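Chains A and B are the protein sequences, given in the same order.
Each residue of the first sequence is one higher than the last, beginning at 1 in UniProt numbering.
Each residue of the second sequence is one higher than the last, beginning at 1 in UniProt numbering.
Even glycine gets a Cβ: it sits at the ideal position worked out from N, Cα and C.
Values in this document were obtained by computation on a predicted structure and should not be read as measured data.
Number of protein chains: 2
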Amino acid sequence: MEFRQMEYFLAVVENKGINGAAAALGVAQPTVSQALRGLERELGVRLFHRIGRGMVLSAAGRSLVGPSRQVLRDVAAAAEQLTASDGAIVGRLDIMAFPALTSGTIVDLIAEFCRRYPQARVRFSELEREDNLESLIRDGHCEFAVAHLPLEAGEGLEIVELGEQEYRLVYPAGTELPEGAGTSFGNAGHSHGIRSSRGSDG
Amino acid sequence: MEFRQMEYFLAVVENKGINGAAAALGVAQPTVSQALRGLERELGVRLFHRIGRGMVLSAAGRSLVGPSRQVLRDVAAAAEQLTASDGAIVGRLDIMAFPALTSGTIVDLIAEFCRRYPQARVRFSELEREDNLESLIRDGHCEFAVAHLPLEAGEGLEIVELGEQEYRLVYPAGTELPEGAGTSFGNAGHSHGIRSSRGSDG
DNA sequence: CAAGATTACGACAGGCGTAACTATT
DNA sequence: AATAGTTACGCCTGTCGTAATCTTG
Numbered sequence: 001m002e003f004r005q006m007e008y009f010l011a012v013v014e015n016k017g018i019n020g021a022a023a024a025l026g027v028a029q030p031t032v033s034q035a036l037r038g039l040e041r042e043l044g045v046r047l048f049h050r051i052g053r054g055m056v057l058s059a060a061g062r063s064l065v066g067p068s069r070q071v072l073r074d075v076a077a078a079a080e081q082l083t084a085s086d087g088a089i090v091g092r093l094d095i096m097a098f099p100a101l102t103s104g105t106i107v108d109l110i111a112e113f114c115r116r117y118p119q120a121r122v123r124f125s126e127l128e129r130e131d132n133l134e135s136l137i138r139d140g141h142c143e144f145a146v147a148h149l150p151l152e153a154g155e156g157l158e159i160v161e162l163g164e165q166e167y168r169l170v171y172p173a174g175t176e177l178p179e180g181a182g183t184s185f186g187n188a189g190h191s192h193g194i195r196s197s198r199g200s201d202g
Numbered sequence: 001m002e003f004r005q006m007e008y009f010l011a012v013v014e015n016k017g018i019n020g021a022a023a024a025l026g027v028a029q030p031t032v033s034q035a036l037r038g039l040e041r042e043l044g045v046r047l048f049h050r051i052g053r054g055m056v057l058s059a060a061g062r063s064l065v066g067p068s069r070q071v072l073r074d075v076a077a078a079a080e081q082l083t084a085s086d087g088a089i090v091g092r093l094d095i096m097a098f099p100a101l102t103s104g105t106i107v108d109l110i111a112e113f114c115r116r117y118p119q120a121r122v123r124f125s126e127l128e129r130e131d132n133l134e135s136l137i138r139d140g141h142c143e144f145a146v147a148h149l150p151l152e153a154g155e156g157l158e159i160v161e162l163g164e165q166e167y168r169l170v171y172p173a174g175t176e177l178p179e180g181a182g183t184s185f186g187n188a189g190h191s192h193g194i195r196s197s198r199g200s201d202g
């Protein structure tokens, strides 16, 4: 799956056809057609139904639109990030946190940091459940991480308790809760097929 | 900026060197070296400082690590999405919302949807400030969008008020608020260089 | 001398455009 | 006939590996 392929794919979706997509991209029609068929061949899935002289998204194609948009947006963000880094940046702070913890004491920390270093850039990104906190910080992915207790303190890591946070389990009325749900609701949201992180699914 | 370049770049970062990266990627060292230099040339920025026989991330390179990881993760999510779409999916729901609105009545909506269609997949993604709600829904980016009032109702769009939400402005102690801050705090967070969306900066 | 990064170079694949073809309205 | 998508073919860029070169500990 190549970068350009997603770009062309989205162009076809947005312009409702290869012709328009090619015009929008500034390339010839066969180029888009080839790229699209190459992508379909590579994935082994038909992304569009060829109906008459038109193209309409298939189920698989539909499921690829969102993630592809995500990719292109993040690529743009990466490029922007880079041009921005040319400016006069005096400091830099990267913080990672589980989505549920993005509101709370952490904002006070950021505010304090901004007060002390007005020129600095602060970047805030989401933790995934499988991320390893110790390696994240060690490898320089971020300076701080916000996570739930308990977590084992790796060597050379400082852990400070920021506070408590109330949790609420949301579930459809009439749903029977599994045993022990009151104390350990684990990934209840996940079991409903819901996740809040971008582009993922359950 | 190509896809493979990011992959190689991250491999170099994670393996602390071109040699290890090449081994991890299963390619020859010159391949990685070329790809990396090509990326640097294309971006016009030096991503690594060559110190002795080692490579250490430059400031620009550092700023590219997070976004690149984001891209690769999203690509993986896209691929996964596609293989998953082969399965027996009975329904699909895409919802978009501003990050600040991701908790609230919306979860009840999702819960209700999941109760009715247990087989369905729900995807939840973030709105950007510049997104146009009407075109988002019209172009099939999502089925629902959650946004602040006021918003103009496009033709063929239904708008339902979900509820109210309390806002809090967080700022460093001692900061003088600009005039009218009590009623229109606009993008105050932004003015502090803080944004919560992944990979962006202020 | 050993380890690691870069350069040189030839082989190959892949993307591109032009042009010709097919099919649907 | 016109519009839209696909196939055929040739050009050219760029990626890869092998081998040689440079640099540092």
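Whole-angstrom distance between residue j and residue i, CA atom to CA atom
i              : j              : result
E7 of chain A  : L72 of chain B : 15 angstroms
G52 of chain A : G17 of chain A : 12 angstroms
E2 of chain B  : F9 of chain A  : 16 angstroms
R37 of chain B : G54 of chain A : 43 angstroms
D74 of chain B : G66 of chain B : 12 angstroms
A60 of chain A : A78 of chain B : 11 angstroms
A24 of chain A : R4 of chain A  : 14 angstroms
A35 of chain B : A11 of chain B : 12 angstroms
G44 of chain A : R62 of chain B : 37 angstroms
A76 of chain A : R50 of chain A : 31 angstroms
N15 of chain A : E14 of chain B : 39 angstroms
S58 of chain B : F48 of chain B : 5 angstroms
S68 of chain B : E40 of chain A : 25 angstroms
V27 of chain B : E42 of chain A : 21 angstroms
V56 of chain A : L64 of chain B : 36 angstroms
L82 of chain B : E80 of chain A : 28 angstroms
Where the alpha helix (DSSP H) through residue i begins and ends
i              : result
V12 of chain B : F3 to N15
A21 of chain B : I18 to L25
According to DSSP, residues forming a beta bridge with residue i
i              : result
L36 of chain B : DSSP lists no partner for L36 of chain B.
R50 of chain A : A:M55
Spatial neighbours of residue i in its chain, beta-carbon cut-off 7 angstroms, leaving aside the 5 residues before and after
i               : result
Q29 of chain A  : I18, N19 and A22
T31 of chain B  : A22
G186 of chain A : With a pLDDT of 34 at G186 of chain A, under the threshold of 50, the modelled position of this residue cannot be trusted; read the value that follows with caution. Cβ neighbours of G186 of chain A beyond the five flanking positions: none.
Sequence-distant residues of the same chain with beta carbon closer than 8 angstroms to residue i, five excluded per side
i                      : result
residue 261 of chain B : With chain B running from 1 to 202 in the structure shown, residue 261 of chain B is simply not present.
R46 of chain B         : E40, S58, A60 and G61
Cβ shell of residue i (< 6 angstroms), same chain only, five flanking positions each side left out
i               : result
G180 of chain A : Any answer about G180 of chain A is weak, because its pLDDT of 39 lies below 50 and its placement is not dependable; what the coordinates show is given next. Closer than 6 angstroms at Cβ, skipping near neighbours: no residue.
Contact list for the UniProt domain "HTH lysR-type" (1-58) of chain A against chain B, Cβ threshold 7 angstroms: Those residues of the UniProt domain "HTH lysR-type" (1-58) of chain A placed with their C-beta closer than 7 angstroms to a C-beta in chain B are M1, E2, F3, E14, L43 and V45, ordered along the chain.
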